[in-house]
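Residue 441 in full-length UniProt numbering sits at position 441 of the sequence shown; the count goes up by one each step and never skips.
For glycine and all other residues, C-beta sits at the position ideal for the given N, C-alpha and C.
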Amino acid sequence: MCKSCYHCGEDVPANTDFNVEILGSIRDMCCPGCETVAQTIVDSGLVSYYQYRTAPAEKADLVPEQLQALIHYDNDDVQAEFVRNSENCSEVTLSLEGVSCAACAWLIEKQVAAKSGVVSIRVNTTTNRALLAWDKSQVRLSELLSSIHRLGYKAAPFEADKQEASYHEQMKQYLYRLGIAGLATMQVMMLAVALYLEVFGDLEPEFKNYFRWVSLIFATPVMLYSALPFYLNAWRSLRSRTLGMDVPVSIAMIFAYFASLVATVTEQGEVFFESISMFAFFLLVGRFLEMRARRKAAAASGNLLKLIPAIANKLNGDQVPVKTLKVGDQIRVLPGEHIPADGKIMSGRVHIDESMLTGESLPVVKQVDDHVYAGTLNGEESFELEVTSSKADSMISNIVRLQDEAQLSKPKIAEIADIVARYFVAVILIVAAGTWFFWHSSRPDDAFWIMLSVLVATCPCALSLATPTALTCATSRMGNLGILLRKSHVFETLCKVNHLIVDKTGTLTHGDIEIDQVQLFSDFSEQQVLAIAASLESHANHPIARAFKPYLDRSVSVDDVENVIGSGIVGSLDSKQVKIGSAHYVLGDTHSAQANTVYLSVDGVHVANFVYRDPIRSETKEFIEKFQQAGVKVTLLTGDTQENAQIVASQIGIEDVIAGAKPQDKLAYLNGTDEGDITMMIGDGINDAPTLAGAHLSVAMGGGADVAKASADMVLLGDRLDRILEARELAQQTRRIIKENLAWSLGYNLLILPLAVAGFVAPYFAVVGMSASSIIVISNSLRLLKEKGR
1 MCKSCYHCGE DVPANTDFNV EILGSIRDMC CPGCETVAQT IVDSGLVSYY
51 QYRTAPAEKA DLVPEQLQAL IHYDNDDVQA EFVRNSENCS EVTLSLEGVS
101 CAACAWLIEK QVAAKSGVVS IRVNTTTNRA LLAWDKSQVR LSELLSSIHR
151 LGYKAAPFEA DKQEASYHEQ MKQYLYRLGI AGLATMQVMM LAVALYLEVF
201 GDLEPEFKNY FRWVSLIFAT PVMLYSALPF YLNAWRSLRS RTLGMDVPVS
251 IAMIFAYFAS LVATVTEQGE VFFESISMFA FFLLVGRFLE MRARRKAAAA
301 SGNLLKLIPA IANKLNGDQV PVKTLKVGDQ IRVLPGEHIP ADGKIMSGRV
351 HIDESMLTGE SLPVVKQVDD HVYAGTLNGE ESFELEVTSS KADSMISNIV
401 RLQDEAQLSK PKIAEIADIV ARYFVAVILI VAAGTWFFWH SSRPDDAFWI
451 MLSVLVATCP CALSLATPTA LTCATSRMGN LGILLRKSHV FETLCKVNHL
501 IVDKTGTLTH GDIEIDQVQL FSDFSEQQVL AIAASLESHA NHPIARAFKP
551 YLDRSVSVDD VENVIGSGIV GSLDSKQVKI GSAHYVLGDT HSAQANTVYL
601 SVDGVHVANF VYRDPIRSET KEFIEKFQQA GVKVTLLTGD TQENAQIVAS
651 QIGIEDVIAG AKPQDKLAYL NGTDEGDITM MIGDGINDAP TLAGAHLSVA
701 MGGGADVAKA SADMVLLGDR LDRILEAREL AQQTRRIIKE NLAWSLGYNL
751 LILPLAVAGF VAPYFAVVGM SASSIIVISN SLRLLKEKGR
């Protein structure tokens, strides 16, 4: 028998699971719309509607109206554009509207994290974005978005263009509210000054009361329209049983307005219409400047996504939206165009400007089978491209996601500050009430305005902004340096590093290796040994392996290949065993190794040596010296021979050299470091992956192996070692600015609280001080966006 929807009475479709607990029982619903309406009725305390209704309700749409489209976000094709899927969960970056402080973030995180199927959610109050991870098998994305909407906030998958349009709309609304508050303040202040200074000393009482009524008329639009955002934020907090920053502000304004209204009607007592108007005006000015500063801090990652064009050109000449591209699609990129998707070059030799990724202005030469990335700029030649990843999984989307993750991290001191800020609001309300009772007994005429000053002056807005704004700005600067942050602890750990461990090939050296000489020891020709070596090395992704790529011969194919990481490669060619790698691996212990040489054997017979050259990076020596001057111990840890390692170490001034280390040896060395060592490992190869994963802080070179980059905390996209020095300076500056912000915000509140309680802070000074405190904190954080030397 088909069940009926408890809300609207229609049949409940099979294989659906929409229900709400009403009047002590679980009631079936036919659709998300009825489910959401019913849940809203229950949450609003209006469940008696179902007890006394005489007929089922009309079939519901999602409420509010903006929720109508949320159900579409459950469609797999729609999700492909913005959802990143892994084995365990799905992940999406959301844009949020209405988030104004740390309490809002805490509320969303607390409520959504409690939902079944949610793996994690973290909210960034600076960028107004959230990172949500959930299990698709347990909960739908539309349900989670609906739960955020029910809290009073708007949420949707992050799109740079839409968020910018939303930002401009919000700014326009703030300007309207600000304009009305400003005009009303000017008018009310003129009347207030005339009354307070008794300009009209002989004015009849009825005319003075008339001025009060005029002030009431001007102040009312400010209360009902200009100050509306503060009430909405306060109501969200109170409804969810938490205390946000706008609670004391809203209480102060409402109390002041109704006290003034009563005084005007009864013609007794003081009025505070000028204070109300000024409250709203200065608060709105502060929020307006705060929003602009946040926008500036958060713009970098959003601007990256704007580099991806909207339209792509198929090979047949058709133009299609970029968001519809799938893995395997083939497109043509014209001269001067931004590349629309991550892919592999099918034809052509082109110059690509990757400065938006690496920070390097010189174009990079790319050839057939080389990878290029969405948002980078093509040079003067067109080329054909095969798409290798969706927009959601593209390099540029991953950068934005990882930047968001880094910005969501908080030092321990900042987590404590957020907790203090939440409880501080409760303390403010208690202190304000105590202040009123104290002054009411001794100076009843002044008790009210002193209480208002306490409520407004001590609002801990600056405290909640101290860390997020600094981290957002610092992460943006890291992106400009060509450094991709993958883990949240980078800023903290980078300041503490006292032991630097570096790989050699591809790290201290360019890794752009060339075969300099071929030494033959058999009847094989140079062309033959190069072809065999190239076939073997095609199964590796080490810089030395890439040096053999130009000699690859498709007619020579090695089978049963095994990559012995840290030693070499073995395979079968025409039933003969072929080996390439170190002297010890290929020829055994009896053979002495030469510097910068790779060895090749066939069926155990030594047939060739390949002497290569790998120039040291120009910035390497200074890079090592700077760390040594800072008191950091430096160790060269390489799988290469002692001879090769010593040549490089002597040129750049490293005394501690560990050579011939296999992956397990590298990890063993790392685990054996002194207990007080905070290690930073820099590497690029597969053999570095275990050490990168085990170090306190790890850096992978952008041109290195994917597994190395996956194991690292940071990826150096431009392969410039000196960028790490700048990153360390930036991390130290970030730590210093966070401490300055916290010291200022805590110091301000601790100073202003006793002054406000003592009655030394007028209400309009209180609101100016609170707004100025927030602006100072944000402005201090924005210093992190300034590039070095500017």
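Considering only the beta carbon of each residue, do P663 and G566 sit closer than 9 Å?
Taking the sequence shown and counting its residues from 1, the one referred to as residue 663 is at position 663. Taking the sequence shown and counting its residues from 1, the one referred to as residue 566 is at position 566. One thing to note: P663 has its Cβ within 9 Å of the Cβ of G566.
Kindly give me the distance between the Cβ atoms of S774 and L471, rounded to whole angstroms, as I take these residues to be in contact under 8 Å.
To locate residue 774, count along the sequence shown from 1; it is residue 774. To locate residue 471, count along the sequence shown from 1; it is residue 471. A Cβ-Cβ distance of about 17 Å is found for the pair S774 and L471, leaving them out of contact under the 8 Å criterion.
Could you tell me the distance, in whole angstroms, from the CA atom of R122 to the CA atom of D516?
On the sequence shown, residue 122 is found 122 positions in, with the first residue counted as 1. On the sequence shown, residue 516 is found 516 positions in, with the first residue counted as 1. So the two alpha carbons sit approximately 52 Å from each other.
Please check the pair A608 and F548, which I expect to be a contact at CB under 8 Å, by giving their CB distance rounded to whole angstroms.
Start at 1 with the first residue of the sequence shown, and residue 608 comes out as number 608. Start at 1 with the first residue of the sequence shown, and residue 548 comes out as number 548. About 12 Å separates the two Cβ atoms, so there is no contact after all.
Unbroken beta strand (DSSP E) run spanning G568, endpoints:
Within the sequence shown, numbered from 1, the residue matching residue 568 stands at position 568. Here the beta strand (DSSP E) through G568 covers G568 to L573.
Report buried or exposed for T679, applying the criterion of at least 16 other Cβ atoms within 10 angstroms of its Cβ.
As a position in the sequence shown, residue 679 is number 679, starting the count at 1. Buried, because 16 or more other Cβ atoms sit within 10 Å of the Cβ of T679.
Helix, strand or coil: how does DSSP classify D445 here?
By one-based count along the sequence shown, residue 445 stands at place 445. Three-state DSSP puts D445 in a helix.
Buried or exposed: which applies to T324, given that a residue is buried once 16 or more other Cβ atoms fall within 10 Å of its Cβ?
Locating residue 324 in the sequence shown gives position 324, counting from the first residue. Flag for T324 reads exposed.
Report yes or no: do three or more beta-carbon pairs, one from the region 439-448 and one from the region 689-700, lie closer than 8 Å?
Touching, no.
With a threshold of 8 Å, are at least 3 pairs of Cβ atoms found where one atom belongs to the region 603-617 and the other to the region 471-484?
Cβ pair count under 8 Å is below three, so no.
Using the rule of at least 16 other Cβ atoms within 10 Å of the residue's Cβ for burial, across every protein chain shown, is E380 buried or exposed?
For the purposes of this step, residue 380 is taken as the residue at position 380 of the sequence shown. E380 should be labelled exposed.
Can you list, in chain order, the residues of its chain with a C-beta nearer than 6 Å to that of I544? Leave out the 5 residues immediately preceding and following it.
Along the sequence shown, one-based indexing puts residue 544 at 544. Once the five neighbours on either side are set aside, the close Cβ partners of I544 are I513.
Could you say which of S120, M245 and D656 lies nearest to Y231 if we only look at CA atoms?
Position 231 of the sequence shown, counting from 1, holds the residue named residue 231. The shortest Cα separation from Y231 among S120, M245 and D656 belongs to M245.
Does the beta-carbon of L67 have 16 or more other beta-carbons within 10 angstroms, so that it is buried, or is it exposed?
Counting from one through the sequence shown, the residue named residue 67 turns up at place 67. Reliability of the predicted coordinates at L67 is poor, the pLDDT of 44 falling under 50, and no value is obtained from them.
Range covered by the alpha helix (DSSP H) that runs through P321
Within the sequence shown, the letter at position 321 stands for residue 321. DSSP places P321 outside any alpha helix (DSSP H); the residue lies instead in the beta strand (DSSP E), whose first and last residues are Q319 to P321.
Distance, Cα to Cα, F282 vs Y748?
For the purposes of this step, residue 282 is identified with residue 282 of the sequence shown, where counting begins at 1. For the purposes of this step, residue 748 is identified with residue 748 of the sequence shown, where counting begins at 1. When rounded, the distance between both Cα atoms is 18 Å.
Which of the three DSSP states, helix, strand or coil, is assigned to T597?
For the purposes of this step, residue 597 is taken as residue 597 along the sequence shown, with counting starting at 1. In the three-state reduction of the DSSP assignment, T597 falls in the strand class, which pools E and B.
So what's H338 in DSSP terms, helix, strand or just coil?
Sequence index remark: in the sequence shown, residue 338 carries index 338 (1-based). In the structure shown, the three-state DSSP call for H338 is strand.
Give the secondary structure of N563 by DSSP, where H, G and I count as helix, E and B as strand, and everything else as coil.
As a position in the sequence shown, residue 563 is number 563, starting the count at 1. It is a strand residue.
Between S86 and V112, is the Cβ-Cβ spacing less than 9 Å?
For the purposes of this step, residue 86 is identified with residue 86 of the sequence shown, where counting begins at 1. For the purposes of this step, residue 112 is identified with residue 112 of the sequence shown, where counting begins at 1. No. Outside cutoff.
By Cβ distance, which residues of its chain are closer than 8 Å to S347, with the 5 residues on each side in sequence left out?
If you number the sequence shown from 1, residue 347 lands on position 347. Closer than 8 Å at Cβ, skipping near neighbours: V368, F383 and E384.
Spatial neighbours of K3 within its chain, please: CB distance less than 8 Å, with the 5 preceding and 5 following residues excluded, ordered by chain position.
The residue labelled residue 3 in the question sits at position 3 within the sequence shown. Hits under 8 Å: D11, V12 and D28.
In whole angstroms, give me the CA-to-CA distance for A38 and N19.
Along the sequence shown, one-based indexing puts residue 38 at 38. Along the sequence shown, one-based indexing puts residue 19 at 19. Cα to Cα, the separation comes out at about 9 Å.
In terms of DSSP beta bridges, what is F18 paired with?
Along the sequence shown, read from residue 1 onward, the residue named residue 18 stands at position 18. M29, per the DSSP bridge assignment.
Hey, how far is the Cα of G336 from the Cα of P363?
Against the sequence shown, residue 336 aligns to sequence position 336. Against the sequence shown, residue 363 aligns to sequence position 363. Cα to Cα, G336 sits roughly 12 Å from P363.
Can V578 and N596 be called in contact, C-beta distance under 9 Å?
Taking the first residue of the sequence shown as position 1, residue 578 is located at position 578. Taking the first residue of the sequence shown as position 1, residue 596 is located at position 596. Cβ distance not < 9 Å, so V578 and N596 don't count as in contact.
Taking Cβ to Cβ, would you say Y176 is nearer than 9 Å to C104?
As a first step, residue 176 must be located in the sequence shown, where it is residue number 176. As a first step, residue 104 must be located in the sequence shown, where it is residue number 104. A distance of 9 Å or more separates the beta carbons of Y176 and C104.
Nearest residue (CA-CA) to G660, options D640, G769, G676 and S650
Numbered from its first residue, the sequence shown carries residue 660 at position 660. Sorting D640, G769, G676 and S650 by C-alpha distance to the C-alpha of G660 places D640 at the top.
Own chain partners of E91 with C-beta closer than 6 Å, once the 5 adjacent residues on each side are dropped:
Working through the sequence shown from its first residue, we reach residue 91 at position 91. Excluding its 5 nearest sequence neighbours in each direction, E91 has C-beta neighbours in its own chain below 6 Å: R84 and A133, listed in chain order.
In angstroms, rounded to a whole number, what distance separates the CA positions of S120 and L131?
Mapped onto the sequence shown, residue 120 falls at position 120. Mapped onto the sequence shown, residue 131 falls at position 131. Rounded to whole angstroms, the separation of the alpha carbons of L131 and S120 is 8 Å.
Suppose the cutoff is 6 Å on Cβ atoms and the five residues either side in sequence are ignored; what does the same chain contact list for F424 look like?
Numbered from 1 along the sequence shown, position 424 holds the residue referred to as residue 424. Around F424: P460.
Proximal residues to M395 (C-beta, below 6 Å), its chain only, five neighbours per side dropped
Position 395 of the sequence shown, counting from 1, holds the residue named residue 395. Correct list, in chain order: D342 and Y373.
Could you tell me whether the Cβ atoms of S226 and A280 are closer together than 9 Å?
Looking up residue 226 in the sequence shown gives position 226. Looking up residue 280 in the sequence shown gives position 280. A contact, by the Cβ cut-off of 9 Å.
Quick check on D656: does DSSP put it in helix, strand or coil?
Looking up residue 656 in the sequence shown gives position 656. The answer is strand: DSSP assigns D656 an E or B state.
Presumed contact (8 Å Cβ cut-off) between A457 and M770, rounded CB distance:
By 1-based counting over the sequence shown, the position of residue 457 is 457. By 1-based counting over the sequence shown, the position of residue 770 is 770. Right, the Cβ-Cβ distance comes to about 6 Å (below 8 Å), so this counts as a contact.
The alpha helix (DSSP H) spanning F258 covers which residue range?
The sequence position of residue 258 within the sequence shown is 258, counting from 1. D246 to T266 is the span of the alpha helix (DSSP H), which, as asked, contains F258.
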